[in-house]
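> Dropping a structure here in structure tokens format, bear with me for questions.
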């Protein structure tokens, strides 16, 4: 007979002390950053005054350019328009450009961002909250992102590295054939294989591949993907 144990997060050794302190509310000096409606409303007020209308227009223009050639969902089109409005706010997550998402928390982080944005839209209907995924395209650690694992296999792609990973082109796509051999008869196997082929087509950069992948999975939820490796965005940071 199996026994189910309820283990508190604070008793799990692998969880960092910082997270345990947060869960147990040992946060002296950071009370204003606790996730509750009162503090979220304060953040709305703070962020509303942090960005000019011109900055919002530049952001929207850049995003439209980055999505050139993509078919946007109705929800994405709405969210891009909302971003020009001073009453629009964002919930942002980000990750490295891991091959075919890499660790499963790549997906969890995006889903949580979408869910939290939806919750805020429901609690604050007079505001617009848009979920954002920031691609860490300027990371340099290719060895950390060039692989993923399934229960039975390890998949890896090889490429010339040394600069920002977002500009690395897909040259070695043998991992797709290997993946097809493992999953061609599985539930959703065909869909996954077609998605992998579309995203990691030879000649695509890893930034392009990741955008295609995330777009296919989350476009209908209104998620907006942003590539920070953009000259116009960087000029706004001066």
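Residue numbers (my numbering): 1 to 238.
Ideal Cβ placement from N, Cα and C applies to all residues, glycine included.
(1) Could you please give the first and the last residue of the uninterrupted beta strand (DSSP E) stretch that includes residue 193?
(2) Using a Cβ-Cβ cutoff of less than 7 Å, which residues in the same chain neighbour residue 212 once the five nearest sequence positions on both sides are dropped?
(3) At 4 residues or longer, what runs of the alpha helix (DSSP H) sit wholly inside the region 23-85?
(4) Going straight from the alpha carbon of residue 9 to that of residue 21, what length do you get?
(5) Just checking my contact of residue 133 with residue 187 at CB under 8 Å: how many whole Å lie between their CB atoms?
(6) Smallest Cα separation from residue 139: which of 176, 96, 227?
(7) For the beta strand (DSSP E) holding residue 155, just list the boundary residues, first then last.
(8) Take residue 117 as the anchor and find which of 16, 90, 143 has the nearest alpha-carbon.
(9) Answer with buried or exposed for residue 6, where buried requires no fewer than 16 other C-beta atoms within 10 angstroms of its C-beta.
(10) Suppose the cutoff is 8 Å on Cβ atoms and the five residues either side in sequence are ignored; what does the same chain contact list for residue 158 look like?
(11) Mapping the DSSP letters down to three states, classify residue 173 as helix, strand or coil.
(12) Could you have a look at residue 205 and say whether DSSP puts it in helix, strand or coil?
(13) Is the region 18-33 close to the region 103-116, with three or more CB pairs under 8 Å?
(14) Give me the residue from 59, 81, 87 with the minimum Cα distance to residue 49.
(15) Taking the continuous alpha helix (DSSP H) assigned at residue 146, which residues delimit it?
Taking the geometry as given:
(1) Annotation for residue 193: no beta strand (DSSP E) segment contains it, though the alpha helix (DSSP H) segment containing it runs 189-199.
(2) For residue 212, where only same-chain residues beyond five positions count, the Cβ hits under 7 Å are 198, 199.
(3) With a minimum length of 4 residues, the continuous alpha helix (DSSP H) runs that stay inside the region 23-85 are 37-48, 53-66, 74-82.
(4) Rounded to whole angstroms, residue 9 to residue 21 spans 11 Å at the Cα level.
(5) Contact between residue 133 and residue 187 fails: their C-beta atoms lie close to 26 Å from each other, not under 8 Å.
(6) That would be 96, whose Cα lies nearest to the Cα of residue 139.
(7) Per DSSP, residue 155 belongs to the beta strand (DSSP E) from 154-156.
(8) It is 90.
(9) Residue burial is scored here from C-beta neighbours: residue 6 has fewer than 16 other C-beta atoms within 10 angstroms and is therefore classed as exposed.
(10) The residues are 146, 171, 172.
(11) In the structure shown, residue 173 sits in coil (DSSP, three-state: anything other than H, G, I, E or B).
(12) In this structure, residue 205 counts as strand in the three-state DSSP scheme.
(13) By the Cβ rule, the region 18-33 does not count as touching the region 103-116, because fewer than three pairs are nearer than 8 Å.
(14) By alpha-carbon distance to residue 49, the top candidate from 59, 81, 87 is 87.
(15) Here residue 146 belongs to no alpha helix (DSSP H), and DSSP marks it neither H nor E.
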